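Just so you know, we're using the working numbering here: the sequence shown kicks off at 152 and counts up by one.
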Amino acid sequence: DSKEFLERLRREWADSCNALLPGYAVIDHRSFKARGIERIPTIHEGYASREMEKRGGRGDLCEENRRIQALNRLLDALRAMIGRLSDQAQGILTAVKRRQRPSGAPQAPSSPEPAERPQERPQARETPPQAPQEPPKPIRTKKALTDRFKTRLDERLAENERKQAEKQAEPDMEETWDLSDPADPLNIGMGWGTGGHGLGL
């Protein structure tokens, strides 16, 4: 019952907000899955992560959300590409069907004139019926294209994870000591510009 209670509470909250918002700004309390949206949901970052980001740090939750947003943009681009490729494949299939039709075969007019109908009927009886041609198999089906792009997406995700792991394995450059900075108190204490003999007193 707690799930139903939470769902009702979220719906009531969304209805209350929508009553005060203009028509183009609408809050939908349902999940992406319930709305039929194929996106990866972001996670709640929280106050501490936001404050860390404001101070110039890197919040793990904020970083994860940036990664999720990049993946969602990539998924949107792949879906758009699949749609374009599917349309192109359909166009190619239609063109191939037209080319395979015999050039001398009569084409049935879409709406013949009443005066022409008596003349066409005897011609239609004189020509022997042709066996229906099988439509050519498409080079790639939509499912094959989808599977191919999912495989590529998985490969890209694995590559990104590998790069992230390599990046984390490298030493943090902010923590390394820059010996050339005269304003660094450690360099002054070590005798920057004094040949390494301290403050030179």
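C-beta: ideal position from N, C-alpha, C; glycine also.
Note that the structure is a prediction, hence the values are computed from the model and not measured.
- Our two residues, R190 and R252, have alpha carbons roughly 43 angstroms apart in a direct line.
- In the three-state reduction of the DSSP assignment, I219 falls in the helix class, which pools H, G and I.
- Here T245 carries a helix assignment [DSSP, helix/strand/coil].
- The beta carbons of I194 and L212 sit closer together than 9 angstroms.
- Judged by DSSP in its simplified three-state form, A176 adopts coil rather than helix or strand.
- Between the C-alpha atoms of K318 and G207 there is a straight-line separation of about 19 angstroms.
- In the three-state reduction of the DSSP assignment, T193 falls in the coil class.
- Within its own chain, the residues whose Cβ lies closer than 8 angstroms to the Cβ of Q220, once the five positions on either side in sequence are excluded, are T193, listed in chain order.
- Rounded to the nearest angstrom, the gap between the Cα atoms of E215 and N169 is 30 angstroms.
- Nearest in C-alpha terms to K301, of all of H180, I243, M232, R162, is M232.
- Rounded to the nearest whole angstrom, the C-alpha separation of W164 and L171 is 11 angstroms.
- Secondary structure of R209 (DSSP, three-state): coil.
- Per DSSP, R161 is one residue of the alpha helix (DSSP H) stretching across 153–171.
- Residue state for G234 is assigned as helix, using DSSP reduced to three classes.
- One thing to note: R201 has its Cβ no nearer than 9 angstroms to the Cβ of G187.
- Annotation: the continuous alpha helix (DSSP H) that includes R186 extends over 183–186.
- DSSP places R252 outside both helix and strand once states are collapsed to three, so it counts as coil.
- When rounded, the separation of the alpha-carbon atoms in L160 and R181 is 11 angstroms.
- At a Cβ-Cβ threshold of 9 angstroms, L244 and L304 do not count as neighbours.
- Taking C-beta separations shorter than 8 angstroms and ignoring five residues to either side along the sequence, the partners of F183 in its chain run E189, R190, P192, following chain order.
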